[in-house]
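If you count by numbering that gives the first Met the number 0, then the sequence shown holds residues 0 to 429, one letter each, in order. Below: one structure, written as structure tokens.
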Amino acid sequence: MSNHSVQVSDSATNKSVSLPVLSGTIGPATIDIGKLHKETGLFTYDPGFMSTASCRSAITYIDGDAGVLMYRGYPIEQLAKHSNFLEVAYLLMNGDLPSAQQFSTFEHEVTHHTMMHEALKSFLGGFRHDAHPMAMLCGMIGSLAAFYHDSLDIDDAEQRRLAAVRLIAKVPTIAAACYRYSIGWPNRYPRNNLDYCTRFLHMMFEVPSEPLVLPPVAAKALDLLFILHADHEQNASTSTVRLVGSTGANPYACVAAGIAALWGPAHGGANEAVLQMLNEIGTADQVGKAVEKAKDKNSGFRLMGFGHRVYKNFDPRATIIREMCHQVLNELGVHDPLLDVAMKLEEAALKDPYFIERKLYPNVDFYSGIIYKALKIPTEMFTVMFAIARTAGWVAHWLEQNVTPDAKIGRPRQLYTGSPARDYVDIAKR
Ligand code: SDX
Numbered sequence: 000m001s002n003h004s005v006q007v008s009d010s011a012t013n014k015s016v017s018l019p020v021l022s023g024t025i026g027p028a029t030i031d032i033g034k035l036h037k038e039t040g041l042f043t044y045d046p047g048f049m050s051t052a053s054c055r056s057a058i059t060y061i062d063g064d065a066g067v068l069m070y071r072g073y074p075i076e077q078l079a080k081h082s083n084f085l086e087v088a089y090l091l092m093n094g095d096l097p098s099a100q101q102f103s104t105f106e107h108e109v110t111h112h113t114m115m116h117e118a119l120k121s122f123l124g125g126f127r128h129d130a131h132p133m134a135m136l137c138g139m140i141g142s143l144a145a146f147y148h149d150s151l152d153i154d155d156a157e158q159r160r161l162a163a164v165r166l167i168a169k170v171p172t173i174a175a176a177c178y179r180y181s182i183g184w185p186n187r188y189p190r191n192n193l194d195y196c197t198r199f200l201h202m203m204f205e206v207p208s209e210p211l212v213l214p215p216v217a218a219k220a221l222d223l224l225f226i227l228h229a230d231h232e233q234n235a236s237t238s239t240v241r242l243v244g245s246t247g248a249n250p251y252a253c254v255a256a257g258i259a260a261l262w263g264p265a266h267g268g269a270n271e272a273v274l275q276m277l278n279e280i281g282t283a284d285q286v287g288k289a290v291e292k293a294k295d296k297n298s299g300f301r302l303m304g305f306g307h308r309v310y311k312n313f314d315p316r317a318t319i320i321r322e323m324c325h326q327v328l329n330e331l332g333v334h335d336p337l338l339d340v341a342m343k344l345e346e347a348a349l350k351d352p353y354f355i356e357r358k359l360y361p362n363v364d365f366y367s368g369i370i371y372k373a374l375k376i377p378t379e380m381f382t383v384m385f386a387i388a389r390t391a392g393w394v395a396h397w398l399e400q401n402v403t404p405d406a407k408i409g410r411p412r413q414l415y416t417g418s419p420a421r422d423y424v425d426i427a428k429r
């Protein structure tokens, strides 16, 4: 919806153009620059997309200054308190909370798509045991396109939906299989009598020789972490899924690309990097040194789990996870000295002008690793956990993109800084 316009004029060519301003339901309006190049010959330049909206979406809304996060209009705090991950996945995909019947049908369908093709187990055998689980997950998810030919036609709504359900259902199974392969344990099949998170923990930790006894708080804590990580607007990995999806690639390739993007330490890989950082700092009395090092541009060191492109206030997810840390560790009877280090680090950074001026606050990754560690999830699996949860958001955006009427292939332009035209010089004359 456009209710006014902005004028752009180029003093070099005296060309000008009136560009419509588009408003959404809430949040910043956008300048539709679609005809800018045609009318003026100019491109816009916005590396990192600091001020660029790449698409229309009705899925998630973030207000970085106010620290607001909503999935389909529902505040994350309310979903964290009242919902569960599978219901949130349904909400993200379908736009509304399910009725009891709709949820039961969805849960039954997901539950009955959790097994992975037996041939996929031989893929694992091709990896070194010490392969990073994100490397294995990325390869395994991309390979699903080789198995599920009945859900590759992206022009068929039912095939799109089936692919989305399969991905939500199978990513935990494959993730657990990657972990068990890395420690030399036999594979565990998904058990349909368990809920989504309990089933995953069983696939991760149950050994054939004895039944697994899980503390009740474990599955609940994991479910809450999955809700908090399920979606986050046009973050790097979701934007990657959309860009790959814009070429008409199949959903398994799109999600595999999202997994690859999430792996980076500036993005989902930060949760693993936070634990490494806290271990390197070691004790609370070393926190001051770490803060000083993070302020020194030449150190190449950043406080992992701090800062955010959008949140210039507390990341609401970090607030919830911080509170959860204390509750989960108390219920598990775990005292993790790294939590003391994390709290001291947060306290020191939030008092420091460097962090205050740059509005750097703890983000979703700062505390999540403390809980994963208490649940005995190994550090190298932390980003895999993020990927399991974010699969719900990735498939929701992929589904939305495939029903967006003006969706085009994503093909940005550039500011060229290379050589002007020049003639080839024979090697004898160089
Ligand atoms: C996620 O986009 C999403 O929504 C992502 C995510 C999701 O749910 O999908 O929320 C998940 O990826 C969370 C972010 C996880 N990453 C980290 O925790 C890594 C550490 N943080 C950063 O590297 C950084 O803060 C980013 C990548 C998160 C944001 O980077 P920006 O927005 O490009 O900001 P920037 O790098 O330009 O930093 C601005 C300034 C710079 O200083 P100046 O040049 O102004 O002097 O702040 C400094 C930076 O040097 N800075 C930090 C810092 N983060 C930014 N300094 C020290 N420690 C940090 N962590």
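Note that beta-carbon positions come from the ideal geometry of N, C-alpha and C, so glycine has one too.
Sequence-distant residues of its chain with Cβ nearer than 6 Å to residue i (five each side left out)
i: R160; result: none
i: G409; result: L242 and S245
i: P435; result: An answer regarding residue 435 cannot be provided, because it is not within the stretch 0 to 429 covered by the chain.
i: G63; result: V309, Y310 and K311
i: L359; result: F305 and G306
Contacting residues, own chain, Cβ-Cβ under 7 Å from residue i (five flanking each side not counted)
i: M49; result: none
i: F385; result: H228, L261, G267 and N270
i: I376; result: M384
i: S82; result: I226
i: L374; result: A217, A220 and L221
i: P97; result: E86, Y89 and F105
i: A144; result: L151, N249, Y251 and A252
Distance cut-off 6 Å: residue i Cβ against heavy atoms of ligand 1
i: L302; result: yes
i: A269; result: yes
i: N312; result: no
i: N234; result: yes
i: R429; result: no
i: A130; result: no
i: R308; result: yes
i: H231; result: yes
i: D364; result: yes
i: R357; result: yes
i: H266; result: yes
i: F305; result: yes
i: A289; result: no
Identity of the residue in the options nearest residue i by Cα
i: M276; options: I75, C324 and L344; result: L344
i: V206; options: A52, V216, D149 and G183; result: G183
i: Q326; options: T378, I25, N278 and A217; result: A217
i: K14; options: H3, V340, H116 and G40; result: G40
i: L90; options: S103, A130, H116 and A391; result: A391
i: E108; options: E86, E322 and D129; result: E86
i: R308; options: A235, G141 and T378; result: A235
i: H128; options: N191, S103, A145 and S181; result: S181
i: H3; options: A11, V16, S10 and V20; result: V20
i: G33; options: I25, A52, D425 and G26; result: A52
i: I30; options: K37, L18, E38 and R421; result: L18
i: T59; options: P74, A65 and P46; result: P74
i: H116; options: I173, D422 and N362; result: I173
i: N362; options: V67, N191, E38 and H131; result: V67
i: G257; options: F300, I140 and A144; result: I140
i: A265; options: G138, G47 and I25; result: G47
Segment limits, beta strand (DSSP E) that includes residue i
i: P19; result: K14 to L21
i: T61; result: Inspection of the sequence shows that residue 61 is occupied by Ile rather than by Thr. Here the beta strand (DSSP E) through I61 covers T59 to D62.
i: V383; result: Per DSSP, V383 belongs to no beta strand (DSSP E); it is in the alpha helix (DSSP H), F381 to Q400.
i: M69; result: V67 to Y70
Proximal residues to residue i (C-beta, below 8 Å), its chain only, five neighbours per side dropped
i: L414; result: F42 and Y44
i: N401; result: I153, R159 and G244
i: K120; result: A176 and N186
N- and C-terminal bounds of the alpha helix (DSSP H) containing residue i
i: D364; result: V363 to A373
i: L331; result: P315 to L331
i: V286; result: V286 to K294
i: H36; result: L35 to T39
i: S181; result: A156 to S181
i: C137; result: P132 to S142
i: H112; result: H112 -> no alpha helix (DSSP H), and no H or E assigned at all.
i: G257; result: P250 to L261
i: I426; result: It is not in any alpha helix (DSSP H) - I426 carries neither H nor E in the DSSP assignment.
i: K350; result: P336 to K350
i: P215; result: P215 to H228
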